[in-house]
Amino acid sequence: MTDKPLLSVRNLSVGFPAGKGHVLAVNDVSFDIRPGELVGVVGESGSGKSVTALAVMGLLPPTAMLSGQLLFEGRDMLGLSRGQLRQLRGRQLGMIFQEPMTSLNPVFTVGDQISEAVRALGGVSRKQAADRAVELLDQVGIPSPRRRLEDYPHQMSGGMRQRVMIAIALAGSPRLLIADEPTTALDVTIQAQLLDLLNGLRERLGTAILLISHNMGVMAEVADRVVVMYASRVVEEADIFQLFDTPQHPYSEGLLGSTPDMAGTARRLITIPGAMPSPGALPPGCLFAPRCPKVVDACTKAQPPLIDLSGGQKAACIRAPKREAGVPA
Amino acid sequence: MSAPILEVENLVKHFELSSDNWFKRDRPVVRAVDKVSFTVGERETLGLVGESGCGKSTTGRLILQLIAPSAGAVRFMGTDLIAAAPQKLRAMRRDLQIIFQDPHASLNPRMRVEEIILEPLYAQGEKPSAALTNYAGDLLEKVGLSRRHAQRHPHEFSGGQRQRIGIARAIAPKPKFIICDEAVSALDVSVQAQVINLLQDLQAELGMSYLFIGHDLAVVRHIADRIAVMYLGRIVETAPKAQLYVSPRHPYTQALLASVPVSHPRLRHSRKRLRGEMPSPLNPPSGCHFHPRCPLARDRCRVEDPMLREIAPGQTVACHFAEETASPAPLSTPS
Numbered sequence: 000m001t002d003k004p005l006l007s008v009r010n011l012s013v014g015f016p017a018g019k020g021h022v023l024a025v026n027d028v029s030f031d032i033r034p035g036e037l038v039g040v041v042g043e044s045g046s047g048k049s050v051t052a053l054a055v056m057g058l059l060p061p062t063a064m065l066s067g068q069l070l071f072e073g074r075d076m077l078g079l080s081r082g083q084l085r086q087l088r089g090r091q092l093g094m095i096f097q098e099p100m101t102s103l104n105p106v107f108t109v110g111d112q113i114s115e116a117v118r119a120l121g122g123v124s125r126k127q128a129a130d131r132a133v134e135l136l137d138q139v140g141i142p143s144p145r146r147r148l149e150d151y152p153h154q155m156s157g158g159m160r161q162r163v164m165i166a167i168a169l170a171g172s173p174r175l176l177i178a179d180e181p182t183t184a185l186d187v188t189i190q191a192q193l194l195d196l197l198n199g200l201r202e203r204l205g206t207a208i209l210l211i212s213h214n215m216g217v218m219a220e221v222a223d224r225v226v227v228m229y230a231s232r233v234v235e236e237a238d239i240f241q242l243f244d245t246p247q248h249p250y251s252e253g254l255l256g257s258t259p260d261m262a263g264t265a266r267r268l269i270t271i272p273g274a275m276p277s278p279g280a281l282p283p284g285c286l287f288a289p290r291c292p293k294v295v296d297a298c299t300k301a302q303p304p305l306i307d308l309s310g311g312q313k314a315a316c317i318r319a320p321k322r323e324a325g326v327p328a
Numbered sequence: 000m001s002a003p004i005l006e007v008e009n010l011v012k013h014f015e016l017s018s019d020n021w022f023k024r025d026r027p028v029v030r031a032v033d034k035v036s037f038t039v040g041e042r043e044t045l046g047l048v049g050e051s052g053c054g055k056s057t058t059g060r061l062i063l064q065l066i067a068p069s070a071g072a073v074r075f076m077g078t079d080l081i082a083a084a085p086q087k088l089r090a091m092r093r094d095l096q097i098i099f100q101d102p103h104a105s106l107n108p109r110m111r112v113e114e115i116i117l118e119p120l121y122a123q124g125e126k127p128s129a130a131l132t133n134y135a136g137d138l139l140e141k142v143g144l145s146r147r148h149a150q151r152h153p154h155e156f157s158g159g160q161r162q163r164i165g166i167a168r169a170i171a172p173k174p175k176f177i178i179c180d181e182a183v184s185a186l187d188v189s190v191q192a193q194v195i196n197l198l199q200d201l202q203a204e205l206g207m208s209y210l211f212i213g214h215d216l217a218v219v220r221h222i223a224d225r226i227a228v229m230y231l232g233r234i235v236e237t238a239p240k241a242q243l244y245v246s247p248r249h250p251y252t253q254a255l256l257a258s259v260p261v262s263h264p265r266l267r268h269s270r271k272r273l274r275g276e277m278p279s280p281l282n283p284p285s286g287c288h289f290h291p292r293c294p295l296a297r298d299r300c301r302v303e304d305p306m307l308r309e310i311a312p313g314q315t316v317a318c319h320f321a322e323e324t325a326s327p328a329p330l331s332t333p334s
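Line by line, the protein sequences are chains A and B. The numbering of the first sequence is numbering that gives the first Met the number 0, which starts it at 0 and goes up by one. The numbering of the second sequence is numbering that gives the first Met the number 0, which starts it at 0 and goes up by one.
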């Protein structure tokens, strides 16, 4: 794994018009993904994690206002023409979505839809595209792939459809796969199979993966590094072990504490009181301050910046370095 | 264990589908719930888990008689609900309530919160009064909302708050039993934790029993005392939770538990995943429904339905070879 990032998100902000002004769905977000790395973005509904993914894919509606940089191998994607972006999306970036039911076209066969993605890349015949479709279906673990080409999406289960979506995303052998809640709608045994599949793709093909999820367990299962988002901002970024062993932001701690675990400790769940503020009515200072158990006066004065701690860990909390020095919270 | 408040015996629900062939009389039948039996004790929480389509939600609705069972018995506090006259059933529902999964779909958008919460009491023939209005305020405070919310409409609330309104409605008639049908599944994790704690506090305070239907095994482990695992319309294993999670004996339970995401990255290991997916209940496999995916399957499994039998105190398993599944990780050896 080289240290040169494949994708560099730099100070990305995304605003949407609302009433007379606009609201920021993503606010000053920065992180890197290196080749072959699996980076998770975790957060609750409305944290801005999906909008971040859509921004990277260039799939936001025209009303969205973007600022910052999206560097793919050093090239800023925000400056690209539609045609250049299209090229990049086919061959370098692939994306899978949460809803395998609605992302496939119900009136075309699975084979047609995969072949379409293959042929869009150019330079292949119909026959070659069909062969490639078989190969892709095999790669995502669909048994007897040649027979399944003739199936329509409704003939497949949710897990199978998500595999087809992954096959389409892999058509151009992308170097980065963006997966937005790919297992959320699926049962736990199917989720486990798909997480294994994503892990396998990374190992066999060296595909870097940006995995968006609200589920800390999914992160624990496959992520190398995690970006925690809250109310449009990054509040913490850490190696997966650092995040679980020494979370530095009280929100990360709260998320971990409120997830029931299988260890079966009969503890009462730690809760985060209240709910995430709506993007139109953000509190002053740290956005998490109104719900934070460790809030001090200074928290409501200014938004704490994301600061570097040891070992590549970053947190946007004015108290973060204290805990690192071994001072109990 | 305390005396059962709810006894479900050989509960069956067959849904008839329309036939593909207009000339054929026999219509295909989905066996959504296939001879399900269990009991729930006083102040006990029974977790009912399984994947989508296994029949767990249908079971909940059958108990409440929201849909009519095809066969079987549901005895609640000694009364058979299936045979009960409509008036009697309505009166029993005072003690038997439900909380639904989707807090957006289960509250009438045209009603004010107070009307929503008091609806179960109005259904029992009570009339609006100042005392009831005051009671609605008390209920709102009990579930962590404020009295002043009573005059608002559901759309003014977040998902977590709406679920609290659904809970206030369920506890309004002071029931002895609540069916929680995926009651926390639609909520974000920090809000989910708040609602789980609320359900536990209310149970301790009001002495209710819960049937907690869910697919998230970590959540169910957290809240349930005893757990029943369903697969394709049948219960395959029941056990006190400590036993179920530590020494599951049905190969399906074992596979299900192995699929749950780990709680710490250190626990990552490559586990034997369950092959394939749950077959359609329209055409379930012969014999043991699980045999096509089971690493232990043999000829007998293809022909003979395994009965639930007690394999350890309090633990029942529907597997012919449950004696062989006690080793710590039978699924880690490739078959």
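Note that CB positions come from ideal geometry on N, CA and C, so glycine has one too. Keep in mind that this is a model prediction, so the values were computed, not measured.
Annotation: the continuous alpha helix (DSSP H) that includes A:I165 extends over 157-168.
As computed with DSSP, A:F15 is found in a beta bridge with A:V22. By the beta-carbon neighbour count (other beta carbons within 10 angstroms, threshold 16), A:N26 is buried.
A:D307 and A:V227 have their C-alpha atoms roughly 15 Å apart. Neighbours of B:I195 in chain A, taken as residues at a C-beta separation under 8 Å, are given in chain order as P259, L268. Around the beta carbon of A:E202, a 10 Å sphere encloses fewer than 16 other beta carbons of the protein chains shown; the residue is thus reported as exposed. Ranked by Cα distance from A:A191, the options B:I222, B:Q100, B:R267, B:P153 are led by B:R267. In terms of Cβ geometry, A:D137 and B:R272 do not form a close pair [threshold 8 Å].
Per DSSP, the beta-bridge partners of B:Q314 are B:A311. Contacts between B:R272 and chain A, judged by CB atoms closer than 9 Å, involve T188, A191, Q192, D195 in chain order.
At least one beta carbon of chain B lies nearer than 8 Å to the beta carbon of A:F243. Residue burial annotation: A:E36 is buried, with at least 16 other C-beta atoms found within 10 angstroms of its C-beta. Membership of B:V261 in any alpha helix (DSSP H) is not indicated, and neither H nor E is assigned to it by DSSP. A:P272 and B:Q193 have their alpha carbons spaced roughly 8 Å apart. Contact between the segment 224-241 of chain B and the segment 51-58 of chain B is present, with at least three C-beta pairs closer than 8 Å. Using a Cβ-Cβ cut-off of 7 Å, A:G253 is close to S189 of chain B, given in chain order. For the options A:F107, A:T51, A:A132, A:M64, the alpha carbon positioned closest to that of A:M94 is the one of A:T51. Runs of the beta strand (DSSP E) lying entirely within the segment 77-121 of chain A, each at least 3 residues long, are 92-95 in chain order. In the three-state scheme derived from DSSP, where H, G and I count as helix and E and B as strand, A:N198 is classed as helix.
Residue-level contact check: A:G216 touches chain B, since one or more beta carbons of chain B fall below 8 Å from its beta carbon. The alpha-carbon separation between A:G39 and A:E236 amounts to approximately 10 Å. Around the beta carbon of B:F22, fewer than 16 other beta carbons sit within 10 angstroms, so the residue counts as exposed. The DSSP assignment places 176-180 as complete runs of the beta strand (DSSP E) inside the segment 132-212 of chain B, in order along the chain (cut-off: 3 residues).
Residue contact with chain A for B:A104: absent (no Cβ-Cβ distance below 8 Å to any residue of chain A). When the five nearest sequence neighbours on each side are left out, the beta carbons in the same chain lying within less than 8 Å of the beta carbon of B:S157 are those of V190, in order along the chain. The criterion of a C-beta distance shorter than 8 Å is satisfied by A:T188 and B:S258. In this structure, A:L69 lies away from A:P34, with their beta-carbon atoms at least 8 Å apart. A straight line joining the alpha-carbon of B:D25 with that of B:A67 spans about 21 Å. Per DSSP, reduced to three states, the secondary structure at B:S36 is strand. In the pairwise beta carbon analysis, the segment 122-138 of chain A is classified as not touching the segment 240-249 of chain B: fewer than three pairs are separated by under 8 Å. Looking at the backbone, the Cα of B:D304 and that of B:Q253 are separated by about 19 Å. Comparing alpha carbon positions, the residue from B:N107, B:E236, B:R248, B:G165 closest to B:V48 is B:E236.
Under the 10 Å beta carbon count, A:R147 is surrounded by 16 or more other beta carbons and is classified as buried.
Leaving aside the five residues that flank B:E322 on each side, the residues in its chain whose CB is nearer than 8 Å to its CB run, in chain order, I310.
For a Cβ distance threshold of 8 Å, residue set E276 of chain B lies close to A:G158, ordered along the chain. If you draw a straight line from the Cα of A:D130 to the Cα of A:A170, it is about 12 Å long.
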